[in-house]
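Remarks on the structure that follows.
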Amino acid sequence: MENSENNLLKDIYSLLYAENPKNLSDLIAERKKKLNVTSHSQLANATGISKDTLRRIIIGDVEKVDIVSIIKISNFLGIGVDTLVKIYISTLNPDAIKEIEKSRKASYILNNFDLTVLKKAGFIEDKNDFEGIEKRIVSFFELKSIFEYESEIDTVLFSRTKSAWNDRMLRFWVKSAYLQFKKISNPYDFDLIEFEAIIPKIRAYTQLEEKGLLTVIKALYSIGITVIIQSYLETTQIRGGTMLVDGKPCIILTNYNNRYDTLWFALMHELAHVRYDMDDLERNVYHLTGHTDVFLLNEERANYFARELLFAEEKLEYAKNYIENDMFIRQYAKENSVHPAIIYGFFIYDNPSFNVKLRNRIPKSEKAIKLIKTHPWPKLEPLTKETIKIKKLIES
284 MENSENNLLK
294 DIYSLLYAEN
304 PKNLSDLIAE
314 RKKKLNVTSH
324 SQLANATGIS
334 KDTLRRIIIG
344 DVEKVDIVSI
354 IKISNFLGIG
364 VDTLVKIYIS
374 TLNPDAIKEI
384 EKSRKASYIL
394 NNFDLTVLKK
404 AGFIEDKNDF
414 EGIEKRIVSF
424 FELKSIFEYE
434 SEIDTVLFSR
444 TKSAWNDRML
454 RFWVKSAYLQ
464 FKKISNPYDF
474 DLIEFEAIIP
484 KIRAYTQLEE
494 KGLLTVIKAL
504 YSIGITVIIQ
514 SYLETTQIRG
524 GTMLVDGKPC
534 IILTNYNNRY
544 DTLWFALMHE
554 LAHVRYDMDD
564 LERNVYHLTG
574 HTDVFLLNEE
584 RANYFARELL
594 FAEEKLEYAK
604 NYIENDMFIR
614 QYAKENSVHP
624 AIIYGFFIYD
634 NPSFNVKLRN
644 RIPKSEKAIK
654 LIKTHPWPKL
664 EPLTKETIKI
674 KKLIES
C-alpha cells in the first residue's frame with residue numbers, strides 16, 4: 284500500500300514539473316468537442332454533476348470536490364480514476380499543492396516515528412506540530428529532506444529482519460548509534476590479541492566509580508573497539524548492543540535501569556559477543572541485548588562470560604554466606620579487585636527475594652556515565668555535534 288502511494292505521488296510530482304503538463308480543463312473541452320457536447324449544462328446533466336461542482340473541478344478547487352464527482356468525470360473522459368486524480372492534483376493552485384505536500388510529510392513522519400515516545404524522550408515538544416517535528420528530524424540527522432530518513436543505511440542495517448523495519452523506534456535508536464560510530468570513525472584496527480589481554484584487567488576498573496568506565500572505554504578504543512553510552516527509548520527495552528561499522532566492533536550501552544552493576548555487566552556481555560560472535564555480526568551487522576525480536580546470538584554464553592570475568596561463581600558461593608555483612612563484602616570485594624556492587628548485583632539476580640533488603644547497597648550508574656553518555660534526544664543540535672564531543676573525550 285505504501286509503495287503504491289509513493290508511486291502515485293511520484294507521478295503527480297512529475298506532472299507538476301513537466302514542461303507541458305496536462306490540463307483537466309483542456310481535457311474536458313477536448314472531450315466535449317469530440318462528443319459534440321455543446322454546453323456545461325449538457326455536460327452537467329449527462330454526468331449527474333452540478334454546474335457549480337463541475338466548475339470547481341475545472342478550476343481546481345480541491346476542497347469542495349467529492350470523490351463521486353471525480354469518478355463521474357473519469358467516466359466522461361474515458362480515463363482511469365488514478366490517472367484523473369494525478370492530472371487533477373497537478374493543476375491545483377499553489378496553496379493546495381502546499382497542503383498536499385504538508386500532508387505527505389506528516390504521513391511520512393507518522394509512518395516512521397513514534398511521536399509519543401519522542402515527546403517523552405524530549406526529542407520533540409508537540410506531537411501535533413508536524414512542521415516543527417520535520418525541522419527537528421532534518422536538523423538532527425542533517426538531512427536535505429525528511430524523505431532522506433530512509434536511505435541506504437536502512438538497507439545495511441535492517442534488510443535481514445522484517446521486525447526491525449516495522450519497529451519505528453528501534454530503527455531510530457539503531458540508526459542514531461550507527462551514525463555516531465560512523466562519525467567517530469575509530470582510526471585503530473581491531474587487535475584480537477590486545478583485546479584478549481585487556482579483558483581480564485577490566486574488573487579492577489569497576490572500583491573507580493567516576494572514571495573507571497571511561498578509562499576502559501579509552502583502552503578499548505585504542506585497540507579498535509568503540510563504546511558509546513546512548514540513552515534508551517521507551518518501547519525498545521534495549522540494554523546494550525554490538526554492531527560492526529566499517530568492519531570494526533562497536534558497542535552501545537544504555538543506562539536501562541540506572542544500576543552500577545548492570546552497566547558493567549552489559550559491557551562485559553557485549554564484549555563476549557565481540558570475542559565469540561564476529562562471524563554472526565558480519566552477517567547480521569548488529570545484535571541488540573534485551574530486544575527479543577532481533578538476532579539472538581549465544582546469550583547464555585555471553586552472560587557466563589560476563590559473570591566469570593567480573594566475579595567468578597566459586598567466589599560468589601563463598602561471599603553469599605556473608606552477604607548481609609556489608610563490611611565483609613566490601614573487604615572481600617577489595618581483595619578481589621572488584622566493586623562490591625558487582626557481588627550484590629549477582630547475588631540479587633540469583634536470589635530476587637533479597638532485592639529490597641540489598642538494592643540500596645548498589646549505587647546508581649549516573650556518576651560512571653556522566654562524562655561519556657550521549658544524551659542527544661533533548662538537545663536541539665545535530666547528532667554529529669554531540670558525537671564530536673565524545674570523540675574528543677575518548678581520544679584525549
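When we follow the working numbering, the leftmost residue of the sequence shown carries the number 284, and every step to the right adds one. Glycine included, each C-beta is placed from N, C-alpha and C at the ideal position. These numbers come from a predicted model, not from an experiment.
Task: Cβ distance (whole Å) where Ala651 is taken to contact Glu493 below 8 Å - done: For this step, residue 651 is matched to residue 368 along the sequence shown. For this step, residue 493 is matched to residue 210 along the sequence shown. Confirmed, Cβ separation roughly 7 Å.
- [ ] Pick out the complete alpha helix (DSSP H) segments inside the stretch 599-633, 4 residues or longer, and give them in chain order.
- [x] 609-618 and 623-633
Task: Cβ separation of Ser459 and Leu546, assumed to be a contact under 8 Å, to the nearest whole Å - done: As a working mapping, residue 459 is identified with position 176 in the sequence shown. As a working mapping, residue 546 is identified with position 263 in the sequence shown. No, Ser459 and Leu546 are not in contact; Cβ-Cβ is about 19 Å, not under 8 Å.
Task: Nearest neighbour of Arg590, chosen from Ile508, Tyr605, Ile512 and Ile482 [CA to CA] - done: Locating residue 590 in the sequence shown gives position 307, counting from the first residue. Minimum Cα distance to Arg590 is reached at Ile482.
Task: Contact under 8 Å by Cβ, Glu414 with Pro665 - done: Here residue 414 corresponds to residue number 131 of the sequence shown, with the count starting at 1. Here residue 665 corresponds to residue number 382 of the sequence shown, with the count starting at 1. The answer is no: Cβ separation not under 8 Å.
TODO: Check the DSSP bridge columns for His570 and list the partner residues they point to.
DONE: Here residue 570 is taken as the residue at index 287 of the sequence shown, counted from 1. Thr525, per the DSSP bridge assignment.
Open item on the list: Using only the alpha-carbon positions, how far apart do Gly363 and Lys369 sit?
Closed with: Along the sequence shown, one-based indexing puts residue 363 at 80. Along the sequence shown, one-based indexing puts residue 369 at 86. When rounded, the distance between both Cα atoms is 10 Å.
- [ ] Give the single residue among Thr366, Gly361, Tyr371 and Leu318 whose Cα lies nearest to the Cα of Arg338.
- [x] Along the sequence shown, one-based indexing puts residue 338 at 55. Residue Tyr371 is the option with its Cα nearest to Arg338.
- [ ] Indicate whether Gly507 and Lys484 have their beta-carbon atoms separated by less than 8 Å.
- [x] By one-based count along the sequence shown, residue 507 stands at place 224. By one-based count along the sequence shown, residue 484 stands at place 201. Going by C-beta atoms, Gly507 is not nearer than 8 Å to Lys484.
Open item on the list: In this structure, how does DSSP classify Asp576 when only helix, strand and coil are distinguished?
Closed with: Taking the first residue of the sequence shown as position 1, residue 576 is located at position 293. Low confidence applies here, because Asp576 scores a pLDDT of 45, under 50, leaving its location unreliable; read the following figure in that light. Three-state result, Asp576: coil.
Open item on the list: Please return the same chain residues whose Cβ sits closer than 6 Å to the Cβ of Glu678, not counting the five positions on each side in sequence.
Closed with: Numbered from 1 along the sequence shown, position 395 holds the residue referred to as residue 678. Taken in chain order, the list of residues that qualify is empty.
Task: Cα-Cα separation, Arg558 to Ser636 - done: One-based indexing of the sequence shown puts residue 558 at position 275. One-based indexing of the sequence shown puts residue 636 at position 353. Whole-angstrom Cα-Cα distance: 34 Å.
Task: Every unbroken alpha helix (DSSP H) inside the stretch 346-381 [4 residues or more] - done: 350-360 and 364-373
- [ ] Assign Ile311 to one of two classes, buried (16 or more other C-beta atoms within 10 Å of its C-beta) or exposed (fewer than that).
- [x] Position 28 of the sequence shown, counted from the first residue, corresponds to residue 311. Looking at its Cβ environment, which holds 16 or more other Cβ atoms inside 10 Å, Ile311 is buried.
Open item on the list: What residue range does the alpha helix (DSSP H) around Val400 cover?
Closed with: As a first step, residue 400 must be located in the sequence shown, where it is residue number 117. First-last of the alpha helix (DSSP H) with Val400: Leu398 to Lys403.
Task: DSSP beta-bridge partners of Thr657 - done: The residue labelled residue 657 in the question sits at position 374 within the sequence shown. Its beta-bridge partners are Gln513.
Open item on the list: Out of Val621, Asn643 and Ser620, which one is the CA nearest neighbour of Ile631?
Closed with: Locating residue 631 in the sequence shown gives position 348, where the first residue counts as 1. When only C-alpha atoms are compared, the closest one is Asn643.
Open item on the list: Can you tell me where the beta strand (DSSP E) holding Lys531 begins and where it ends?
Closed with: Stepping through the sequence shown from its first residue, residue 531 is reached at position 248. From DSSP, the beta strand (DSSP E) with Lys531 extends over Lys531 to Leu536.
TODO: Specify the secondary structure class of Val320 as computed by DSSP and reduced to three states.
DONE: Locating residue 320 in the sequence shown gives position 37, where the first residue counts as 1. Val320: coil per DSSP, three-state reduction.
Task: Reference Lys656; option with closest CA among Thr489, Ala549, Leu497 and Leu663 - done: The residue labelled residue 656 in the question sits at position 373 within the sequence shown. The shortest C-alpha separation from Lys656 is found at Leu497.
- [ ] Would you kindly work out how many angstroms separate the C-alpha atoms of Leu663 and Arg419, rounded to a whole number?
- [x] Taking the first residue of the sequence shown as 1, we reach residue 663 at position 380. Taking the first residue of the sequence shown as 1, we reach residue 419 at position 136. Taking the straight line from one Cα to the other gives about 8 Å.
Open item on the list: Is it the case that the stretch 386-404 contacts the stretch 512-523, given that we only count it when at least three CB pairs across the two stretches are under 8 Å?
Closed with: yes
Open item on the list: Is the separation between the beta-carbon of Thr525 and that of His570 shorter than 8 Å?
Closed with: Counting from 1 along the sequence shown, the entry for residue 525 is found at position 242. Counting from 1 along the sequence shown, the entry for residue 570 is found at position 287. It is a contact, given that the beta carbons lie within the stated cut-off.
TODO: Consult DSSP for Ser679 and reduce its assignment to one of helix, strand or coil.
DONE: Taking the first residue of the sequence shown as position 1, residue 679 is located at position 396. Coil at Ser679, not helix or strand.
Task: CA-to-CA distance, Lys672 to Lys617, given in whole angstroms - done: Position 334 of the sequence shown, counting from 1, holds the residue named residue 617. Position 389 of the sequence shown, counting from 1, holds the residue named residue 672. When rounded, the distance between both Cα atoms is 34 Å.
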